[in-house]
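Trainee: Chains as they are written, first to last, in this note's numbering: chain A, 1 to 218; chain B, 1001 to 1287.
Heads up, the beta-carbon is just placed ideally off N, CA and C, and yes, glycines get one too.
One structure coming up, written as structure tokens, with questions to follow.
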């Protein structure tokens, strides 16, 4: 049975777990009644797709990292029709109880990370925040080619450039032997990342020579 | 061989010489006050038709500030400069020209203007005249729209070692590249409300992003409300918010056409004490 995306309204086929138009996560349960309230409650997140009209490729690729998990905290009023934990239950490996899952979800939401573009050749991406959904993607790959979770249209970013991961509440970045390197700003200089390195919220990261992003926690 | 006639070439060289003398007589920091209508125009980059449209549409403006980057990238750098220099010489207090990072050999050899001079005027040596004129252009303007509405107008933004706006007046001129670090950063730096401090910029050595905290400090210490600048591609304009409650901000105006987006023009309404974020309508077909 087809389902209608609560974010962009696109009619997706039954086998699609994410909206093929905008990348939002498929809502749990019945599709018809949900579409209305969710649609009305997601203005903050709809902005991001609109900002990127210049770069269609970037738009389509960046969005899988920004699924409908975002719409949930922004819409507590519709929680009764679509409780956030249920959505997680599907993607997280078998939590013992729904309650635990709920706690985990709350915790994760409390420390949600975003990757924010500071400077990149596709200037329309600047200021854009891409959520780092570690509950959807165990590790978030960054690179120029389309198979990455976050695609950066910059010729000096390698096809597979770096990986972000969250382990025991700590955030890590790993350079994948990229041609132009990955660097973390130490307050004075951009220092090259060697292997896997822990990073903090507010870290400023340079990918290659022309792209700078910031890790934001909100 | 040159595309322009000999007499026209002489006229241009004479114009450049006169403009150089005029710039030498001006301060590095131009003060603008008591205006009802002011227009701020960002990078035009060889889009003389945009410059023409601005001058035409805003005939009633008391002052029009062009915030640098008149040449390179676009095809009509010489024509754009010719128009701007003539207007400036006719009324130097009404049409104000500030230097951009593209008024320099650091960029002109790589982004088209030197080739344009060679192609249209027949000799690359003529570029020397332009270069020497660029070297003495003013760096910034201080726009006084009222007690609570003072703005620094500069191509790039603030510099690490610039504490007081008045220090701009003491920057050495001529400075061809420029080599003075403050002057260089005024023309090359970019604002980022998401950052703090001065962070190395992707534009290369010696260029920086200026973050929210350092911008706020600079504005407070100089009694300024904000900065009006160009330098970065935008669909007409962009705002970096420095202090929302006090309405402190950095406004980027971009007025070229080569990037395929809209050409912005920032209009100050002195009666309402506010800005109008306007666009310059232009024909997409360059003349």
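Counting pairs of Cβ atoms below 8 Å between the stretch 1128–1142 of chain B and the stretch 1197–1215 of chain B, do you hit three or more?
Mentor: Verdict: no, contact absent.
Trainee: Assuming residue 1257/B and residue 1012/B form a contact by the criterion Cβ under 8 Å, report the distance between their Cβ atoms to the nearest whole angstrom.
Mentor: Translated into the one-based positions of the second chain, residue 1257/B becomes position 257. Translated into the one-based positions of the second chain, residue 1012/B becomes position 12. Not quite, the Cβ-Cβ distance comes to about 22 Å (not below 8 Å), so this is no contact.
Trainee: Along the chain, where does the beta strand (DSSP E) containing residue 217/A start, and where does it finish?
Mentor: Counting from one through the first chain, the residue named residue 217/A turns up at place 217. 211–217 is the span of the beta strand (DSSP E), which, as asked, contains residue 217/A.
Trainee: Which of the three DSSP states is assigned to residue 1094/B in this structure?
Mentor: As a position in the second chain, residue 1094/B is number 94, starting the count at 1. Coil at residue 1094/B, not helix or strand.
Trainee: What would DSSP say about residue 137/A, mapped onto helix, strand or coil?
Mentor: In the first chain, the residue the question calls residue 137/A occupies position 137. In the structure shown, residue 137/A sits in coil (DSSP, three-state: anything other than H, G, I, E or B).
Trainee: Is residue 1048/B helix, strand or coil when you go by DSSP?
Mentor: For this step, residue 1048/B is matched to residue 48 along the second chain. Reduced to three states, the DSSP call for residue 1048/B is helix.
Trainee: Return the chain-ordered list of same chain residues with a C-beta closer than 6 Å to the C-beta of residue 1209/B, the five sequence neighbours on each side being excluded.
Mentor: In the second chain, residue 1209/B corresponds to position 209, counting from 1. Excluding residues within five positions, the ones whose Cβ falls inside 6 Å are 1190, 1192, 1195, 1199, 1201.
Trainee: Check the Cβ-Cβ distances between residue 155/A and every residue of chain B, and say whether any is below 8 Å.
Mentor: What you label residue 155/A is simply residue 155 of the first chain in a count that begins at 1. Residue 155/A does not count as touching chain B.
Trainee: When we look at the beta-carbon of residue 139/A and count the other beta-carbons within 10 Å, is it buried (16 or more) or exposed?
Mentor: Here residue 139/A refers to the residue found at position 139 of the first chain. By the neighbour-count rule (16 or more Cβ atoms within 10 Å), residue 139/A is not buried but exposed.
Trainee: What residue from 143/A, 165/A, 186/A has the CA that sits closest to residue 180/A's CA?
Mentor: To locate residue 180/A, count along the first chain from 1; it is residue 180. Comparing Cα-Cα distances from residue 180/A to each of 143/A, 165/A, 186/A, the minimum goes to 143/A.
Trainee: Rounded to a whole number of angstroms, what is the C-alpha to C-alpha distance between residue 1263/B and residue 169/A?
Mentor: Position 263 of the second chain, counted from the start, is the residue given in the question as residue 1263/B. Position 169 of the first chain, counted from the start, is the residue given in the question as residue 169/A. Between residue 1263/B and residue 169/A, the C-alpha separation is close to 46 Å.
Trainee: Would you list, in chain order, the members of the stretch 1159–1183 of chain B that have their beta-carbon closer than 8 Å to a beta-carbon of chain E?
Mentor: As a matter of chain content, chain E is missing from the structure shown, whose protein chains are A and B.
Trainee: I'd like to know if the stretch 1171–1180 of chain B and the stretch 1211–1230 of chain B are in contact, where contact means that at least 3 CB-CB pairs between them fall below 8 Å.
Mentor: Contact fails: fewer than three Cβ-Cβ distances are below 8 Å.
Trainee: Checking contacts by CB at 8 Å: is residue 123/A closer than that to chain B?
Mentor: Residue mapping note: residue 123/A aligns to position 123 of the first chain, counting from 1. Taking Cβ atoms only, chain B reaches closer than 8 Å to residue 123/A, which makes this a yes.
Trainee: Give the range of the alpha helix (DSSP H) segment to which residue 1107/B is assigned.
Mentor: Within the second chain, numbered from 1, the residue matching residue 1107/B stands at position 107. Residues 1105–1108.
Trainee: Give the interface partners of residue 180/A over in chain B, defined as CB-CB distance under 8 Å, in chain order.
Mentor: Translated into the one-based positions of the first chain, residue 180/A becomes position 180. The contacting residues do not exist; residue 180/A stays about 11 Å from chain B at best.
Trainee: Contact criterion: CB-CB distance below 8 Å. Does residue 116/A meet it with respect to chain B?
Mentor: Taking the first residue of the first chain as position 1, residue 116/A is located at position 116. Yes, residue 116/A lies at the interface with chain B (some Cβ there is under 8 Å from its Cβ).
Trainee: Hey, would you say residue 1149/B sits closer than 8 Å to residue 1273/B, going by beta carbons?
Mentor: The residue given as residue 1149/B occupies position 149 in the second chain. The residue given as residue 1273/B occupies position 273 in the second chain. Closer than 8 Å, so yes.
Trainee: As an exercise, report each continuous beta strand (DSSP E) stretch of at least 3 residues that is fully enclosed by the stretch 170–214 of chain A, in chain order.
Mentor: As far as the stretch 170–214 of chain A is concerned, its whole beta strand (DSSP E) runs of at least 3 residues are 170–175, 182–185, 190–192, 196–199, 204–207.
Trainee: Cβ of residue 1003/B less than 8 Å from any chain A Cβ?
Mentor: Within the second chain, numbered from 1, the residue matching residue 1003/B stands at position 3. By this cut-off, residue 1003/B is not an interface position.
Trainee: Is there a Cβ of chain A sitting closer than 8 Å to that of residue 1195/B, yes or no?
Mentor: Translated into the one-based positions of the second chain, residue 1195/B becomes position 195. Yes, residue 1195/B counts as interfacial toward chain A.
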